[in-house]
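Peer 1: I'd like to ask you about the structure that follows.
Right under this line is the structure:
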């Protein structure tokens with residue numbers, strides 16, 4: 001078709017135009033319904049009626065509102081007190097993993113603001129890069145947005161509306177005529193507010209950039225009396241006993257709004273009802289994107305609040321004569337946008353100190369000085385900083401002044417791989433569209449990352465009799481301790497002592513400058529490793545071996561990563577050693593899964609054997625007898641069974657002390673799990689592993705043959721396999737996929753790694 005061809009183009013296939021029209025009409029109807037339901041525009045009288053019904057909700061300041069946001073969504077009920085707003089996550093629906101202490105501390109600070117009736121401190125989230133400081137603030141802001149869309153979260157501001165005079169033929173001329181106080185069509189109709197006029201009847205509309213609460217349009221003494229009376233009725237107390245928040249008893253209008261109010265009041269001979277008919281109440285919704293009540297100050301050198309005089313504005317030209325003598329200024333900037341909400345200073349300490357010194361007085365007084373006036377603020381001030389900039393900030397002479405105006409909240413890296421792994425759920429989903437992600441890939445990467453973040457415990461902090469156990473706590477077992485798992489490779493008595501010390505060990509470095517979680521591999525670096533492992537994969541799979549390959553490259557580049565520059569202490573701060581540890585651990589894990597998949601023995605058999613062993617120990621120590629179902633009689637403890645199993649477990653030293661420790665572990669588990677059935681695997685994972693090792697050593701030749709058969713399956717060598725070996729190999733592959741999620745090629749790759757790197761039960 002030529003460019004100048006004016007023939008009509010049918011954009012809709014036959015029959016679809018009506019369908020689209022129906023959709024648009026339906027959309028329009030639902031939009032209008034929602035507008036009315038939300039009470040988006042109100043007269044001042046309608047607004048006062050809402051305040052009378054819910055005074056506490058509609059006079060909240062920003063601190064109380066944000067506290068109520070936390071309370072509305074509630075907690076998960078866990079002992080750590082996790083707030084659900086962090087499960088709601090950011091606007092991109094990314095939840096905040098872990099961080100419960102940070103959440104609780106933030107909430108407690110809000111509670112303090114509410115009790116004091118004033119927001120007089122800046123909340124500073126500080127921690128290493130990538131520790132979710134900004135995401136935490138974004139999650140809080142997103143919760144504010146969601147809450148403001150609910151009835152209980154409604155917030156209102158006001159505009160000044162001035163109608164076209166009835167005497168002006170504005171529509172005929174296509175312009176707005178001068179307005180004053182001539183009798184209008186609205187007055188003829190008996191209405192008492194200009195708030196709901198059609199836009200064609202409005203000559204001028206002034207929006208309050210500070211979003212002040214409309215309740216401040218009522219003079220303070222009258223405001224206090226009304227609120228006391230309304231609240232006393234709802235709360236069943238005397239008006240004098242009503243506890244009103246401090247901010248509601250003060251003046252809250254900006255200079256411009258105060259001037260408009262006073263000039264109109266003079267023009268109407270003191271008739272406040274006629275002044276308030278110019279007030280249009282508008283419901284607003286918090287928005288980070290559109291900077292409504294939520295704003296971010298980036299770390300560039302710029303003013304956070306300024307104002308300009310309005311001169312050529314059409315709204316001003318159409319104002320009534322009584323307002324023409326006012327010099328109108330418009331306040332702008334992030335501080336103004338964030339009023340009645342939250343202001344985030346991103347990486348605050350990257351800015352020169354001189355650019356934010358004004359915060360000292362602004363936060364303390366709750367107001368900011370502008371060229372034409374002093375503006376009252378109702379803002380929650382938050383900021384983020386990394387530790388390097390905070391350390392430098394603490395050395396400047398002015399730090400003591402800032403310290404009294406800042407509330408510091410430490411945001412460390414996560415120290416539990418199970419939590420860390422959840423950070424990468426979206427990355428896993430994205431990679432799975434193009435790659436096969438092998439089991440334990442992200443798990444092993446997260447274990448390595450968390451080990452780089454750990455500090456060696458200081459034995460001197462603990463009582464003398466506990467220091468021996470603390471010294472034995474290596475990075476991998478420290479992770480197990482934090483995860484609430486049994487420790488590996490240490491005596492049961494040491495395990496028990498360390499489990500008792502868990503909370504103390506976790507809190508050991510809290511008061512230290514170099515706290516645990518301040519250093520180490522960041523989630524950003526972990527994510528980069530994962531994606532590089534995918535990019536360099538040659539077979540369409542991303543597995544632990546791909547991660548190991550990338551880590552081998554990374555640990556050699558000490559100049560790039562700060563955490564690689566620490567000198568090893570014991571087994572801590574040793575990234576190459578951590579790599580070797582996770583390689584061995586994956587070999588052990590896959591070995592266990594493989595042996596279970598070969599179904600050479602029923603797994604419950606070991607637990608049943610250990611169950612009998614424990615029952616016999618209990619009977620031996622308590623001088624009781626055990627019921628034998630085979631003989632239908634009660635018999636003494638079976639000494640032969642206990643001795644044989646203790647030989648398998650490699651018990652040395654006093655057998656009596658060992659048996660007492662077994663009984664102690666059972667008792668400790670029952671105290672923590674009073675209503676649960678005894679779980680041998682959970683209480684004695686080390687015993688279970690040793691029993692399995694013993695059996696597999698006896699079956700080593702059969703297992704090695706099965707492994708060779710699995711590697712030969714699908715290859716030319718498969719022809720030489722016996723039917724029995726082929727069947728066993730097929731069973732192994734089938735069970736590995738069914739029970740553990742390995743495809744055949746993933747299982748083959750993992751088996752090759754095991755045979756090349758294993759150090760565990762099977763010897764090559």
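In the numbering used here, the protein residues as written are 1 to 764.
No residue lacks a Cβ here, since even glycine has one placed at the ideal position from N, Cα and C.
Bear in mind that the values here come from a model prediction, so they are computed numbers and not experimental data.
(1) With distance defined between alpha-carbon atoms, name the residue in 347, 685, 369 and 398 nearest to residue 331.
(2) Taking the Cβ atom as the reference point for each residue, do residue 445 and residue 385 lie within a distance shorter than 7 Å?
(3) Would you check if there are 3 or more beta carbon pairs closer than 8 Å linking the stretch 101-108 to the stretch 71-91?
(4) According to DSSP, residue 374 sits in a beta bridge with which residue or residues?
(5) List in chain order: all unbroken alpha helix (DSSP H) runs of 4+ residues lying wholly within the stretch 672-714.
(6) Return the residue from the list 660, 536, 380 and 371 that minimises the CA-CA distance to residue 64.
(7) Quick one: any contact between the stretch 510-520 and the stretch 558-577, if contact means 3 or more CB pairs under 8 Å?
(8) Which residues in the same chain as residue 174 place their Cβ atom closer than 6 Å to its Cβ, once the five residues preceding and following it in sequence are excluded?
(9) Measuring straight from C-alpha to C-alpha, what distance separates residue 62 and residue 55?
(10) Do you know how far the Cα of residue 478 is from the Cα of residue 415?
(11) Between the C-alpha atoms of residue 51 and residue 192, what's the straight-line distance to the nearest angstrom?
(12) Quick one: measure Cβ to Cβ for residue 251 and residue 220, integer angstroms, because I've assumed they're closer than 8 Å.
(13) Kindly indicate which three-state DSSP category residue 483 falls into: helix, strand or coil?
(14) Does the separation of the CB atoms of residue 447 and residue 582 fall below 7 Å?
(15) Between 300, 753 and 404, which lies nearest to residue 354 when the distance is taken from Cα to Cα?
(16) With 16 other CB atoms within 10 Å as the buried threshold, where does residue 144 fall?
(17) Give the DSSP-derived three-state secondary structure of residue 397 in the structure shown.
(18) Out of curiosity, what's the CA-to-CA distance linking residue 411 and residue 626?
(19) Hey, quick one: how far does the alpha helix (DSSP H) through residue 222 stretch, first residue to last?
(20) Spatial neighbours of residue 515 within its chain, please: C-beta separation below 6 Å, excluding the five flanking residues on both sides.
(21) Pick out whichever of 697, 340, 666 and 689 has its Cα sitting closest to the Cα of residue 291.
(22) Just grab the DSSP bridge partners of residue 124 for me.
(23) Using only alpha-carbon positions, find the residue among 750, 752 and 283 that is nearest to residue 58.
(24) Rank 103, 118 and 115 by C-alpha distance to the C-alpha of residue 124 and give the top, closest one.
(25) Judging by CA-CA distance, which residue of 503, 512, 277 and 343 is the nearest neighbour of residue 288?
(26) Which residue's Cα is closest to the Cα of residue 551: 535, 570, 576 and 534?
(27) Per the contact definition of three or more C-beta pairs closer than 8 Å, is the stretch 671-682 in contact with the stretch 620-636?
(28) For the alpha helix (DSSP H) containing residue 548, name the first residue and the last one.
(29) For residue 160, list the residues DSSP reports as bridge partners.
(30) Quick one: give me the first and last residue of the beta strand (DSSP E) that residue 635 is part of.
(31) Would you call the stretch 395-408 and the stretch 356-364 touching, i.e. three or more CB-CB distances under 8 Å?
(32) Considering residue 628, what are the terminal residues of the beta strand (DSSP E) in which it resides?
(33) Is it buried or exposed for residue 543, if we count other Cβ within 10 angstroms and need 16 for buried?
(34) Where does residue 521 sit, in a helix, a strand or coil, going by DSSP?
(35) Quick check: what's the CA-CA separation for residue 267 versus residue 133?
(36) Using 8 Å as the Cβ pair cut-off and three pairs as the minimum, do the stretch 522-531 and the stretch 417-430 touch?
Peer 2: Taking the structure as given:
(1) The residue labelled residue 331 in the question sits at position 331 within the chain shown. Out of 347, 685, 369 and 398, 369 has the C-alpha closest to the C-alpha of residue 331.
(2) As a position in the chain shown, residue 445 is number 445, starting the count at 1. As a position in the chain shown, residue 385 is number 385, starting the count at 1. It is not a contact, given that the beta carbons lie outside the stated cut-off.
(3) yes
(4) On the chain shown, position 374 is the one that residue 374 refers to. Residue 374 is bridged to 369.
(5) 680-683, 685-698 and 700-712
(6) Along the chain shown, one-based indexing puts residue 64 at 64. For the residues 660, 536, 380 and 371, the minimum Cα distance to residue 64 belongs to 380.
(7) yes
(8) Here residue 174 refers to the residue found at position 174 of the chain shown. Residue placement at residue 174 is flagged as unreliable, the pLDDT there being 35, under the threshold of 50; the coordinate-derived value follows with that caveat. Excluding positions up to five away in sequence, the list is empty.
(9) Here residue 62 is taken as the residue at index 62 of the chain shown, counted from 1. Here residue 55 is taken as the residue at index 55 of the chain shown, counted from 1. Distance between the alpha carbons of residue 62 and residue 55: 15 Å.
(10) Taking the chain shown and counting its residues from 1, the one referred to as residue 415 is at position 415. Taking the chain shown and counting its residues from 1, the one referred to as residue 478 is at position 478. C-alpha separation (whole angstroms): 10 Å.
(11) As a first step, residue 51 is located in the chain shown; it is residue number 51 there, counting from the start. As a first step, residue 192 is located in the chain shown; it is residue number 192 there, counting from the start. Going by the C-alpha atoms only, they are around 19 Å apart.
(12) The residue labelled residue 251 in the question sits at position 251 within the chain shown. The residue labelled residue 220 in the question sits at position 220 within the chain shown. About 7 Å; that satisfies the 8 Å criterion.
(13) The residue you call residue 483 lines up with position 483 of the chain shown. Three-state DSSP puts residue 483 in coil, outside helix and strand.
(14) The residue you call residue 447 lines up with position 447 of the chain shown. The residue you call residue 582 lines up with position 582 of the chain shown. Yes; because the gap between Cβ atoms is below 7 Å, this pair is in contact.
(15) Within the chain shown, the letter at position 354 stands for residue 354. It is 300.
(16) Here the question's residue 144 lines up with position 144 in the chain shown. Buried: at least 16 other Cβ atoms inside 10 Å.
(17) For this step, residue 397 is matched to residue 397 along the chain shown. Correct three-state label for residue 397: coil.
(18) One-based indexing of the chain shown puts residue 411 at position 411. One-based indexing of the chain shown puts residue 626 at position 626. Using only the alpha carbons, I get a separation of about 54 Å.
(19) Position 222 of the chain shown holds residue 222. Residues 220-235.
(20) What you label residue 515 is simply residue 515 of the chain shown in a count that begins at 1. Cβ neighbours of residue 515 beyond the five flanking positions: 509.
(21) Mapped onto the chain shown, residue 291 falls at position 291. It is 340 whose Cα lies nearest to the Cα of residue 291.
(22) On the chain shown, position 124 is the one that residue 124 refers to. Looking at the DSSP assignment, residue 124 forms a beta bridge with 383 and 408.
(23) Position 58 of the chain shown holds residue 58. Comparing Cα-Cα distances from residue 58 to each of 750, 752 and 283, the minimum goes to 283.
(24) If you number the chain shown from 1, residue 124 lands on position 124. It is 103 whose Cα lies nearest to the Cα of residue 124.
(25) Walking along the chain shown from the start, residue 288 turns up at place 288. Nearest C-alpha to residue 288: 343.
(26) Counting from one through the chain shown, the residue named residue 551 turns up at place 551. Of the candidates 535, 570, 576 and 534, the one whose C-alpha sits nearest the C-alpha of residue 551 is 576.
(27) no
(28) Looking up residue 548 in the chain shown gives position 548. Start and end: 544-554.
(29) Here residue 160 refers to the residue found at position 160 when the chain shown is read from its first residue. Looking at the DSSP assignment, residue 160 forms a beta bridge with 206 and 279.
(30) Here residue 635 refers to the residue found at position 635 when the chain shown is read from its first residue. It spans 633-635 - the beta strand (DSSP E) in which residue 635 sits, taken as one unbroken run.
(31) yes
(32) Position 628 of the chain shown, counted from the start, is the residue given in the question as residue 628. Taken as a continuous stretch (DSSP letters only), the beta strand (DSSP E) holding residue 628 covers 626-628.
(33) As a working note, residue 543 is residue 543 in the chain shown. Flag for residue 543 reads buried.
(34) Here residue 521 refers to the residue found at position 521 when the chain shown is read from its first residue. Three-state DSSP puts residue 521 in coil, outside helix and strand.
(35) Here residue 267 is taken as the residue at index 267 of the chain shown, counted from 1. Here residue 133 is taken as the residue at index 133 of the chain shown, counted from 1. Looking at the two C-alpha atoms, the distance is approximately 52 Å.
(36) yes
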